[in-house]
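What follows is a single structure, written as structure tokens, with notes after it.
6 protein chains.
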Amino acid sequence: MRLLLVNPNMTQAMTDSMAAIARQLAGTRADIVPLTATRGFPYIASRAEAQIAGGVALEMIAENLEGIDAVVIAAFGDPGLIAAREIFDVPVVGMAEASVLSAAMLGERFSIVTFSPVMRRWYSDCVAATGLGQRFTGVRTPQRHAPDVLHARTAQRAALIELSRAAALEDGADVVILGGAPLAGLAPEIADEVPAVVIDPIATATAQALALASLRIAGPSRASRPIGKSSVGLSPALSRIIAAESPLPG
Amino acid sequence: MRLLLVNPNMTQAMTDSMAAIARQLAGTRADIVPLTATRGFPYIASRAEAQIAGGVALEMIAENLEGIDAVVIAAFGDPGLIAAREIFDVPVVGMAEASVLSAAMLGERFSIVTFSPVMRRWYSDCVAATGLGQRFTGVRTPQRHAPDVLHARTAQRAALIELSRAAALEDGADVVILGGAPLAGLAPEIADEVPAVVIDPIATATAQALALASLRIAGPSRASRPIGKSSVGLSPALSRIIAAESPLPG
Amino acid sequence: MRLLLVNPNMTQAMTDSMAAIARQLAGTRADIVPLTATRGFPYIASRAEAQIAGGVALEMIAENLEGIDAVVIAAFGDPGLIAAREIFDVPVVGMAEASVLSAAMLGERFSIVTFSPVMRRWYSDCVAATGLGQRFTGVRTPQRHAPDVLHARTAQRAALIELSRAAALEDGADVVILGGAPLAGLAPEIADEVPAVVIDPIATATAQALALASLRIAGPSRASRPIGKSSVGLSPALSRIIAAESPLPG
Amino acid sequence: MRLLLVNPNMTQAMTDSMAAIARQLAGTRADIVPLTATRGFPYIASRAEAQIAGGVALEMIAENLEGIDAVVIAAFGDPGLIAAREIFDVPVVGMAEASVLSAAMLGERFSIVTFSPVMRRWYSDCVAATGLGQRFTGVRTPQRHAPDVLHARTAQRAALIELSRAAALEDGADVVILGGAPLAGLAPEIADEVPAVVIDPIATATAQALALASLRIAGPSRASRPIGKSSVGLSPALSRIIAAESPLPG
Amino acid sequence: MRLLLVNPNMTQAMTDSMAAIARQLAGTRADIVPLTATRGFPYIASRAEAQIAGGVALEMIAENLEGIDAVVIAAFGDPGLIAAREIFDVPVVGMAEASVLSAAMLGERFSIVTFSPVMRRWYSDCVAATGLGQRFTGVRTPQRHAPDVLHARTAQRAALIELSRAAALEDGADVVILGGAPLAGLAPEIADEVPAVVIDPIATATAQALALASLRIAGPSRASRPIGKSSVGLSPALSRIIAAESPLPG
Amino acid sequence: MRLLLVNPNMTQAMTDSMAAIARQLAGTRADIVPLTATRGFPYIASRAEAQIAGGVALEMIAENLEGIDAVVIAAFGDPGLIAAREIFDVPVVGMAEASVLSAAMLGERFSIVTFSPVMRRWYSDCVAATGLGQRFTGVRTPQRHAPDVLHARTAQRAALIELSRAAALEDGADVVILGGAPLAGLAPEIADEVPAVVIDPIATATAQALALASLRIAGPSRASRPIGKSSVGLSPALSRIIAAESPLPG
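In order, the protein sequence lines correspond to chains U, W, L, Z, C and F. Per our numbering, the very first residue in the first sequence carries number 273; after that it's consecutive. Per our numbering, the very first residue in the second sequence carries number 273; after that it's consecutive. Per our numbering, the very first residue in the third sequence carries number 273; after that it's consecutive. Per our numbering, the very first residue in the fourth sequence carries number 273; after that it's consecutive. Per our numbering, the very first residue in the fifth sequence carries number 273; after that it's consecutive. Per our numbering, the very first residue in the sixth sequence carries number 273; after that it's consecutive.
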């Protein structure tokens, strides 16, 4: 199998660390094809940025879909996920959604711990969008934003352990999701210090992409596929996919 | 006052008819500045198209914000609305959201009637996003999609009256929203034949934009504004706005 | 246009200050016709009082409806609002509901800040009644009730600023509603000190009443209007309106 | 024990039939003290009427509270219930609420069957107000309103059996509530013909009032009691109760 | 009447104290038939234990159903309640569910106070299962688990009063439920020290069992009864009941 | 890896067909260890049966846990799932829950199609328990129960295709789940005839068990694990697991 790992952030180092984790998880089962955005933002932290980066993600997927069995949108917050699912005929998985739905199979309540208060709103909105808000005990973050996002995993390690413990012991989370691409790989390192299941979103999203791809589900004839549309200004591959004929409901 | 009426669809005729209704509603209170998308789709009907068109809408707003008191995103489905609200310092109103929230002040339950089954999912998702799903009695549409969307208002008039009556009498809607830019202007024409309040989304969105602008609310210092970000590939005006410094929460 | 501003509280000074704000907002667009209850309570603070004052409000509206384009029920908590909307053929707007629904167009989450813990329950119930409870971050109030309600706006100004800041920074509210007639006019005075949109309920309700009236919606034939009823002991005007024939559903 | 059975409708015949059922249920356990409204409406069918009749009910209770152990508000729709519960120190039970909460102990899902489509909205809103809307399968009624409400029980008997069967077999209701004072006493007569538990609201409300009274719960010191208020125009007994001192929260 | 009081815990002392309270409440109205589990756990505190103890409860009920008018499952958390309600033709009441639904008739919001943090999750899940989660202000418990569960009522009395006061004054609960069999009988003792209605689950469940039994509802023909099934390894009485023919829906 | 496939139904033929599908999905990645219940029911169709069979499943798992990496509870309806997750330190997956959560990654709305109206209530309750009820479009079944459950897959094939088409085209389901062990293997056979994603619960549950096991999550130290308990009458293996010491919260 081949998994497309689309990082809609422009930070290559994040892509590299996430691709390494995905490869470790996939082993010999799948090739990981990583891509880094060349337009947009160094890292996405708001709905406005996700609006734009989600469009970029659609183009990245469309241009690289050949021979791909499943897609991982490799930014916690899942820019473009719902849109991608409408038009591509392979499973598309988001890091936040896959983490939340997996957490729901690993415990009753789950929490998100992340590196900056700046991410709180967007992540909360992502959980609400899944429909599982009532099982969510909230986002815990350090009180202040540290500008060096890339090294949050090491620089904030002690604080993140403390926040994860509080999520388990005070908020009652059975599962703690370490949200945000900069924290990729931290979960197994701190799991022993947290009295909850701790999950790594990129490992989880990779596992889910493999799981869904293994079901060999056909997609093209779905009644819910949008009707074909002409367009202006899109990349040729995306424009072609959106223009494709599709069955009308009814 | 000056209202920016941003049509993220590429169909000029829709912009013209919506601008005429907005001008009639605004009278001497505001100048209406209409814009039509030059990239994207003739009309938006899916989440995938809204993902892209929402990014286009952000650029259209950013480039034309000078001297503007409020913005109307003039496509039912509100592409880019949540994103725009995060970064622009004037009220931003969407046709669907403004209709739904106004409907909630005009009755207990509301319905959407529109011209094609193709729109059903996107519109339903818009209502759910407001949080008012429990007061929503559903979308009623003709059974089949008619390709000539632009003339739906006249070609399907009888069917739309029948659907509106069913929304009131069978579904219990107190308010019927005639969703979709192609139906702009139909509401007052058929109101007498429907035993419910019938509202026109573009008139309603214009009224709401004027109402919110009249409150003269200052926005720049909001704690929820995203922190400034560098970017690549955005229009200069949008890039500048997203790069602006903003207060951090905490 | 003419707006009826019905204060179901018996405190004339509250009516005066609210009428002044409504007039400032309406400018030349509408005459404001203020009324103060002559039965009931100095100010309403519970469901029990709202039950009675809501009936008083219905009579006040019925007796003064001639030539009126929209009604504002000028007590946060909206006594009689749902009832009034069933039987009167003009838009009826409540201060709490209009604030909540407007807040939902100005941000993702909203909070209420008010002058006394005594109001907390009633206000929370009002928000729940709109259906938007999931976007509500709660009511913040001083810990103790101060008997001089009328001067809360000046006497508690510093505390109210602090509560509003906490609503934004700790609870994550994008919009803070300064609830309760005694706080009318405070919002613009403290907006600069609060990192959120701060809204004044009477200004907001007036803006919404003008917005809904500008839609020129006809009401009389709604399927949801109650059937006509005879009555005993009501004021003649209200009795007449409730006795009016109306179309039966079905 | 003594139960006050307050009919906020003005129809004495309804009070008589409900009092007979309450007496049969209570047996020697309690005296039933029935009261019929002398102001208001022959029977209540809307929120507007309930606004007024609820105020009447408060006065009826206040004036007759001496020696009473619990109160039943004997109109399905429960006018004044929430208000009464705030200010009176004995349990107050409503026919709709008691039926809904009892139904939730007798099965997973419940339905309301009633005699006229005119009642549908008000009854649905009552269920939503309890918070149990997700277990509610809806209101089933005859398609047309029959003006002779008082004899609905006999005149519509066959239709009501058919509607109850449909509620069970098509909607999946485990419990069918025969809503509305005119149907008092019908439940045991048709229970054998309906494959669901069928409950009579007045019997159920009486049973609940006895149950809550038997718990001998003290009420006066509740933190949620409203603070005392002066008033104008209320009956002396109600005015006295609302003026009573009460502990402030905090 | 005869009420079966089934304690699915194996602790006879708990059964004795609960039976005493049930007898006091029932007076001459009903005989209380208490049973203590002979398999399972000393006291149930988790979903896993409730899975097993619920099956034990079904067998205890089946074997003792002769001449019984209603059943109380006498463990807060209600093991086997939903299952029992499907197959037995008398009302079956659970301590947690009866407390929650009664609380909903005694105030707007309710809280649970209990003796150990160990119980928090299970009790919260019980409330959510009723559908009334939005009126629930949470579980308050001492911070640490005290192994001597049986004497929690006396040993933790001061702490439980403090927690109940906090539930009322800080969380806004109108009603406090003292959850857990070991606290049976505490409610009337501490009611005067708590500014909320305080209810005792076993008294409340007994009152509800009597109330539902007094409605003399017939059950056998319900469409929702499961179809008859053969079984292996069940007690003969339970096997017989589950094998009974029943009407199919449709 | 080794997956325990626990069929809490007593029908060996169901176990065989499910094990075959699980083996096909797992390929060389895992050994499938199938077990069939020796107590309980031929097939489970109600909450009462699930109460008992869930206890049986706990014992089956406890006795066969040695060397197991994940557990699949192989009955749609997931008897014992929540209980098992509390006490076993490997991932435990249910057919219904895994199908619902996977469906949520494959589309916006999902439906269940099954072979008998008898299953409707139990399956609906399972979906509600996940928290995703708002994305669920309901259960579609044939109108009548056919006693030969085992051959439903072939005997009702045409009807099940028709129901699946209706779920997609009328109810708007993006994903159709073919619920119930007797339908194992049908999904790929009919997928081409249904304009929706069609998923097979046993294949999906196997894929999810493999995915969760691949995350190599450690469980023993979770704060949510119940405290150790003595017991009477349980199988020795289960008794030992429930008696194990575990960390207390706090």
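Where is the CB? At the ideal position from N, CA and C, for every residue including glycine. None of these values were measured; they are calculated from a predicted model.
N- and C-terminal bounds of the beta strand (DSSP E) containing residue i
i                      : result
residue 274 of chain L : 274 to 279
residue 447 of chain Z : 447 to 450
Residues that residue i contacts on chain U, provided the C-beta gap is smaller than 9 Å
i                      : result
residue 392 of chain C : 444
Straight-line gap, residue i to residue j (C-alpha atoms, nearest Å)
i                      : j                      : result
residue 375 of chain F : residue 399 of chain F : 11 Å
residue 504 of chain F : residue 329 of chain C : 14 Å
residue 383 of chain W : residue 415 of chain Z : 21 Å
residue 428 of chain U : residue 300 of chain W : 57 Å
residue 492 of chain W : residue 359 of chain W : With a pLDDT of 46 at residue 492 of chain W, under the threshold of 50, the modelled position of this residue cannot be trusted, and the question is left open.
residue 369 of chain C : residue 407 of chain U : 21 Å
residue 461 of chain U : residue 462 of chain F : 45 Å
residue 354 of chain Z : residue 320 of chain L : 7 Å
residue 288 of chain Z : residue 348 of chain Z : 16 Å
residue 432 of chain W : residue 487 of chain C : 49 Å
residue 326 of chain C : residue 327 of chain W : 55 Å
residue 495 of chain F : residue 341 of chain C : 42 Å
residue 317 of chain U : residue 510 of chain W : 16 Å
residue 298 of chain U : residue 515 of chain W : 38 Å
residue 474 of chain F : residue 402 of chain F : 18 Å
residue 502 of chain L : residue 484 of chain L : 31 Å
residue 393 of chain C : residue 497 of chain F : 10 Å
residue 371 of chain W : residue 380 of chain W : 14 Å
residue 333 of chain C : residue 324 of chain F : 14 Å
residue 517 of chain F : residue 419 of chain C : 13 Å
Beta-carbon neighbours of residue i, restricted to chain U and to distances below 8 Å
i                      : result
residue 282 of chain W : 504
Integer-rounded CB distance, given that residue j should sit under 8 Å from residue i
i                      : j                      : result
residue 412 of chain W : residue 435 of chain W : 4 Å
residue 541 of chain F : residue 277 of chain F : Residue 541 of chain F lies beyond the residue range present for chain F, which begins at 273 and ends at 522; the question has no answer from this structure.
residue 507 of chain W : residue 338 of chain W : About 14 Å separates the two Cβ atoms, so there is no contact after all.
residue 457 of chain W : residue 386 of chain W : Contact flag wrong, Cβ pair sits at about 14 Å.
Within chain L, the residues that residue i reaches when beta carbons sit closer than 8 Å
i                      : result
residue 363 of chain W : 377, 378
Counterpart residues of residue i in DSSP-defined beta bridges
i                      : result
residue 306 of chain Z : Z:277
residue 533 of chain C : This structure cannot speak to residue 533 of chain C, because chain C is shown only from 273 to 522.
residue 342 of chain Z : Z:275
residue 352 of chain F : BP columns for residue 352 of chain F are empty, so no partner.
residue 366 of chain F : F:345
residue 471 of chain W : W:449
Where residue i meets chain F, residues with beta-carbon distance less than 9 Å
i                      : result
residue 311 of chain C : 503, 504, 505, 506
residue 461 of chain U : What residue 461 of chain U touches in chain F: nothing, since even the nearest Cβ is about 12 Å away.
Chain-ordered chain L contacts of residue i [CB-CB under 7 Å]
i                      : result
residue 409 of chain W : None at all; the shortest Cβ gap to chain L is about 12 Å.
Residue i: first and last residue of the uninterrupted alpha helix (DSSP H) it sits in
i                      : result
residue 495 of chain L : No alpha helix (DSSP H) contains residue 495 of chain L, which DSSP labels as neither H nor E.
residue 434 of chain C : 429 to 441
residue 290 of chain L : 284 to 298
residue 514 of chain W : 508 to 515
residue 332 of chain F : 319 to 335
Contact list for residue i against chain F, beta-carbon separation under 7 Å
i                      : result
residue 323 of chain C : 326, 327, 330, 352, 355
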